[in-house]
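Just so we're aligned, residue 313 is where the sequence shown starts under the numbering used here, counting upward by one.
Heads up, the beta-carbon is just placed ideally off N, CA and C, and yes, glycines get one too.
Written out below as structure tokens is the structure these notes cover.
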Amino acid sequence: MDALTTFTDRRELERAVALLRRLGIEYALISPEPAYDRVGCSALALSGDARARFLDCGGVDIVSAGWVDARPPALSVPDDASPDFAEDVFGRAAIVVLATCVADRDRLRLTAHLSGDVAEVLPYLNAELPQGSYVEALPVFTFMDGHRMLSLFRDRIGIAKADDIVDAWASLERLRCLVNDVWARRASITPCFELRRRPPALEVYKRLPGTNCKDCGEPTCMAFAWAVWRGDAEPQRCLPVFQGDRGDLKDALLSICSGLGLESG
Ligand code: SF4
């Protein structure tokens with residue numbers, strides 16, 4: 313399997329490319345330009361053997377974000393340039409950690425550092441996205457972007473379950489636009505400092521029948537609770553609750569799911 317990494321800045325990328333050329337190693341680059349050039353640096357893909365030789369011959373001294381299995385991105389980078397904002401509180405994002413997602417080995421998790429400081433934006437995001445969770449003491453705002461879970465701190469972002477590197481850049485760019493847009497509209501938003509935490513997966517489990525019947529496609533009710541909590545499964549897949557003899561749990565299950573920011577329909 314080919315391996316893929318990205319870099320914290322263009323200088324490290326250029327060092328890697330220069331070394332690969334000197335060694336005569338074939339490589340492929342995936343560029344975030346033009347649409348995602350403010351939230352990423354090019355990704356480098358190498359075959360397994362090429363990566364081993366690259367690292368043996370000095371590549372280990374080049375600062376990369378970490379290596380993951382390379383898969384062809386599902387979507388290409390759009391041709392549009394990323395939009396400008398009069399006041400850019402987000403700045404640029406640099407992916408500093410790239411790794412395989414613990415909960416889903418086919419997906420990626422990453423940490424990106426920001427050149428800006430978004431702490432003052434978080435209460436406005438908390439007001440605009442009531443399905444998110446805000447902890448002022450850290451501060452951190454966590455919310456779902458589709459099946460991806462984003463945690464936005466003052467100067468860094470954690471993303472879990474990105475599909476691939478282009479998907480990760482796309483999610484970062486959506487967040488960049490969201491943060492700057494909310495900040496631009498802040499005069500018309502009442503900031504919300506209310507502490508909202510996501511209910512733990514155990515609270516989903518407590519509202520399932522607990523029979524481990526597997527009708528949902530998961531081996532146990534606990535596995536299903538985790539899938540719902542991560543946003544990977546609709547609660548309606550629990551057939552005993554939605555079509556069977558445990559309809560008494562339906563309202564409680566939907567209620568906790570709305571607290572997770574999931575659709576309750
Ligand atoms: S269908 Fe419902 S009761 Fe059956 S294992 Fe899945 S979550 Fe548990």
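Worksheet item: Residues bridged to Gly-470 by DSSP?
Response: Thr-423 and Ser-463
Discussion item. Between which two residues does the alpha helix (DSSP H) holding Leu-514 run?
Written reply: 513–517
Worksheet item: On the three-state DSSP scale, how would you describe Asp-457?
Response: Under the three-state reduction of DSSP output, Asp-457 falls in the strand class.
Discussion item. For Ala-472 and Arg-486, which I take to be in contact (beta-carbon distance under 8 Å), what is that distance rounded to the nearest angstrom?
Written reply: About 15 Å separates the two Cβ atoms, so there is no contact after all.
Worksheet item: Is Tyr-348 helix, strand or coil by DSSP?
Response: coil
Discussion item. In this structure, how does DSSP classify Asp-381 when only helix, strand and coil are distinguished?
Written reply: Three-state result, Asp-381: strand.
Worksheet item: Considering Leu-490, what are the terminal residues of the alpha helix (DSSP H) in which it resides?
Response: Residues 477–496.
Worksheet entry | Residue of Leu-426, Tyr-436 and Asp-467 minimising C-alpha distance to Cys-504 | Tyr-436
Discussion item. For Pro-390, tell me which candidate among Asp-349, Cys-550, Arg-466 and Glu-546 has the shortest Cα-Cα distance.
Written reply: Comparing C-alpha distances from Pro-390 to each of Asp-349, Cys-550, Arg-466 and Glu-546 shows the shortest one belongs to Asp-349.
Practice prompt. Examine the ligand SF4 and report whether any of its heavy atoms sits within less than 7 Å of the Cβ of Asn-524.
Written response: Correct: Asn-524 has its Cβ closer than 7 Å to the ligand SF4.
Practice prompt. Return helix, strand or coil for Ala-362, following the three-state DSSP convention.
Written response: helix
Discussion item. Tell me whether the segment 515–531 and the segment 468–484 touch, counting them as touching only if at least three CB pairs, one residue from each stretch, are closer than 8 Å.
Written reply: The segment 515–531 vs the segment 468–484: no contact.
Worksheet item: Between Val-491 and Val-430, is the Cβ-Cβ spacing less than 8 Å?
Response: yes
Discussion item. Along the chain, where does the alpha helix (DSSP H) containing Leu-434 start, and where does it finish?
Written reply: 434–440
Worksheet item: Any chance the segment 441–457 sits against the segment 402–412, with 3 or more Cβ pairs inside 8 Å?
Response: no
Worksheet entry | Per DSSP, cross-strand counterpart(s) of Phe-319 | Ser-376
Worksheet item: For Phe-366, which of Ala-355, Ser-388 and Tyr-339 has the nearest alpha-carbon?
Response: When C-alpha distances from Phe-366 are compared across Ala-355, Ser-388 and Tyr-339, the shortest belongs to Tyr-339.
Discussion item. Using only CA atoms, which one of Val-401, Gly-378 and Val-380 lies nearest to Arg-488?
Written reply: Cα-wise, what sits closest to Arg-488 is Val-401.
Discussion item. Just to confirm my understanding: we take Glu-324, look at its own chain, exclude 5 residues before and 5 after, and list those with CB closer than 6 Å. What are they?
Written reply: Ile-374 and Val-375
Fill in: Cβ-heavy atom distance, Cys-533 to the ligand SF4, below 7 Å
yes
Item to complete: Report the three-state DSSP secondary structure of Ile-342 (helix, strand or coil).
Response: In the three-state scheme derived from DSSP, where H, G and I count as helix and E and B as strand, Ile-342 is classed as strand.
Worksheet item: Does DSSP classify Ser-576 as helix, strand or coil?
Response: With a pLDDT of 42 at Ser-576, under the threshold of 50, the modelled position of this residue cannot be trusted, and the question is left open.
Worksheet item: Measuring CB to CB, does Ala-377 end up less than 8 Å from Phe-465?
Response: no
Discussion item. On the CB-based measure, 16 or more other CB atoms within 10 Å of its CB, does Arg-334 come out buried or exposed?
Written reply: exposed
Worksheet item: Is Cys-569 near the ligand SF4, with its Cβ less than 7 Å from a heavy atom?
Response: no
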